Every structure is written in structure tokens, then in C-alpha cells.
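A.B. asks: Residue numbers (the working numbering): 44 to 292.
All C-beta atoms, glycine included, are put in the ideal place defined by N, C-alpha and C.
Please read all numbers here as calculations on a predicted model, not as lab measurements.
#1: Could you give the distance in angstroms between the alpha-carbon of residue 50 and the alpha-carbon of residue 271?
#2: By how many angstroms is the C-alpha of residue 95 removed from the C-alpha of residue 74?
#3: Secondary structure at residue 117, three-state DSSP: helix, strand or coil?
#4: On the premise that residue 227 lies in contact with residue 200, defined as a C-beta separation below 8 Å, what is that separation, rounded to the nearest angstrom?
#5: My output table needs one value for residue 293: the three-state DSSP class, helix, strand or coil.
#6: State the Cα-Cα distance for the pair residue 151 and residue 142, rounded to the nearest angstrom.
#7: For the beta strand (DSSP E) that contains residue 68, what are its first and last residues?
#8: Applying the 10 Å Cβ sphere with the 16-neighbour rule, what's the burial state of residue 210?
#9: Run through DSSP, which three-state label would residue 85 get?
#10: Under the three-state reduction of DSSP, which class applies to residue 93: helix, strand or coil?
#11: Counting pairs of beta carbons, one from the segment 159-175 and one from the segment 221-235, are three or more of them closer than 8 Å?
#12: Between the segment 126-133 and the segment 187-194, are three or more C-beta pairs nearer than 8 Å?
#13: Do the segment 239-250 and the segment 46-66 touch if we need at least three Cβ pairs shorter than 8 Å?
#14: How would you write the range of the alpha helix (DSSP H) that residue 261 sits in, first residue to last?
#15: So, with DSSP's three-state summary, where would you put residue 212?
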């Protein structure tokens with residue numbers, strides 16, 4: 044039995060990433076032998092605005108140093124919109140910068156950003172046309188749409204719940220997504236992203252929505268977990284969360 048340390052770079056007001064990602068890993072533990080512990084370092088952020096997101100992102104390098112001190116086996120940057128609001132393709136820049144911090148600290152560590160993980164997850168699912176639900180204000184949601192489309196996907200429709208307070212985002216009932224998604228135009232859509240935000244809970248609703256609409260349903264948290272497992276070189280498998288990218292391991 045091998046044990047892995049999962050590091051997370053987390054906004055200070057995020058309380059969902061440290062519940063949903065461990066829940067998926069714990070589900071994996073029920074069917075496979077590897078075991079996991081979870082370790083976080085935090086960046087200050089309370090309101091989901093472009094200004095706070097930019098200030099928060101500047102703190103990510105210090106977080107990478109701290110997690111590197113703990114010799115974690117993989118690090119996940121747990122704020123999709125912070126990356127996407129920094130400009131098209133910024134997840135590549137962020138991943139390189141964070142990895143360089145771990146190299147400088149003499150413990151090179153694989154890096155996953157939730158933004159990059161969502162893009163990679165959509166590729167794994169063979170998506171061309173997608174629909175997304177976000178908790179963000181409309182201008183930030185439009186940035187997310189533009190970011191995803193710049194990566195080669197068509198965003199057919201999007202919902203912005205327009206919740207600026209990050210703790211209020213975390214307080215959303217994931218089962219409400221079973222009603223919210225019905226406001227989307229899903230004609231021709233290959234994949235539904237039920238939560239394009241790692242702070243907005245969605246895990247309990249993913250499989251239920253997928254059964255209703257008959258196409259893959261995923262989230263930023265699921266894609267991040269999938270990418271972490273791949274970076275660890277282990278089988279990306281779980282029995283919750285859209286069968287972790289619909290069984291495409």
C-alpha cells in the first residue's frame with residue numbers, strides 16, 4: 044500500500060476544495076489500495092472580484108514553497124477563475140512558475156491548476172461544444188467563457204449565478220443544480236460543466252444530472268482530482284463524480 048500527500052493551494056475563504064477532492068480520493072480508497080493525506084496552504088481572498096483575484100494569485104508562489112517543505116507528491120492550485128482572469132492560457136504560465144518554486148526548494152513537484160485541469164478534462168471527454176454553470180458575476184463568467192473558447196471549445200450557453208461573496212458560493216446547495224441546469228440550452232452540447240468553480244459544491248448532483256441528460260457531466264473539482272491522479276501515475280478511478288470523467292481513465 045502506497046501513501047501519497049496531496050497538496051492544495053487554496054483561497055483563504057474556500058472551504059469546498061478541501062471537502063470535494065478528498066471525498067473523491069476517499070471513494071477511490073474504497074476500491075483501490077493507495078491511501079492519501081491532504082495538506083493546504085492559503086492565499087487571502089474574500090470577494091470574487093478581479094482585483095482580489097489578482098492580489099491572491101501573487102501569493103501562490105509562497106504557498107508552493109510551503110507545500111514543498113511538506114514534500115507533497117502533487118500540488119493543486121484551487122481557484123479556476125483566479126487563473127482564467129489573468130489572461131488566456133495563463134494556466135500554463137502559472138504551472139511553470141509554481142513548479143519552478145518547488146525545484147528551487149529542492150523537491151520538484153507536479154503541479155495541477157483547476158483551470159488547466161478543466162481544459163484537459165474537456166479534451167479527455169472529447170468535448171467540442173460545452174455548457175457551463177458558474178457562481179461568478181457575469182463579467183467574470185464571460186472571461187471564463189472566453190478562456191475556454193480560446194482553448195478550442197465552443198461554449199454554447201452559460202449561467203452566471205452572480206454571487207460575489209466566496210463563502211456564500213460555498214453555502215450553495217449542490218442539489219439546486221438539478222433545477223439550475225435546466226435553464227441552459229443543451230442542444231448539440233457534448234459536455235456539461237455543472238460547476239466551473241472549485242468553491243461551488245456540485246459533487247452530489249453530478250451523477251444525477253448525467254443520468255437525466257445522457258451526456259458527460261463534470262466539474263472543476265472532478266477534473267482537478269482526475270488530473271492529480273494522472274500526475275501521480277495512478278489509475279484515475281472513483282465510484283463518484285460522473286465516474287470520474289465518465290469512465291475515461
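C.D. replies: The answer reads as follows:
#1: Working through the chain shown from its first residue, we reach residue 50 at position 7. Working through the chain shown from its first residue, we reach residue 271 at position 228. The alpha-carbon atoms of residue 50 and residue 271 are separated by roughly 10 Å.
#2: Residue 74 sits at position 31 when you count from the first residue of the chain shown. Residue 95 sits at position 52 when you count from the first residue of the chain shown. Cα to Cα, the separation comes out at about 40 Å.
#3: As a first step, residue 117 must be located in the chain shown, where it is residue number 74. In the structure shown, residue 117 sits in a strand (DSSP, three-state: E or B).
#4: Position 157 of the chain shown, counted from the start, is the residue given in the question as residue 200. Position 184 of the chain shown, counted from the start, is the residue given in the question as residue 227. That pair is a contact at about 5 Å.
#5: A question about residue 293 goes unanswered here, because the residues of the chain that appear run from 44 up to 292.
#6: In the chain shown, the residue the question calls residue 151 occupies position 108. In the chain shown, the residue the question calls residue 142 occupies position 99. So the alpha carbons of these two residues sit roughly 7 Å apart.
#7: The residue given as residue 68 occupies position 25 in the chain shown. Not the beta strand (DSSP E): residue 68 falls in the alpha helix (DSSP H), residues 60-72.
#8: Walking along the chain shown from the start, residue 210 turns up at place 167. Classification of residue 210: exposed, given that the 10 Å Cβ count is below 16.
#9: Numbered from its first residue, the chain shown carries residue 85 at position 42. Strand, per DSSP.
#10: Along the chain shown, one-based indexing puts residue 93 at 50. DSSP places residue 93 in helix when its eight states are reduced to three.
#11: yes
#12: yes
#13: yes
#14: Translated into positions along the chain shown, residue 261 becomes position 218. Where residue 261 is concerned, there is no enclosing alpha helix (DSSP H), although the beta strand (DSSP E) it sits in stretches over 260-262.
#15: Your numbering for residue 212 matches position 169 in the chain shown. Helix, per DSSP.
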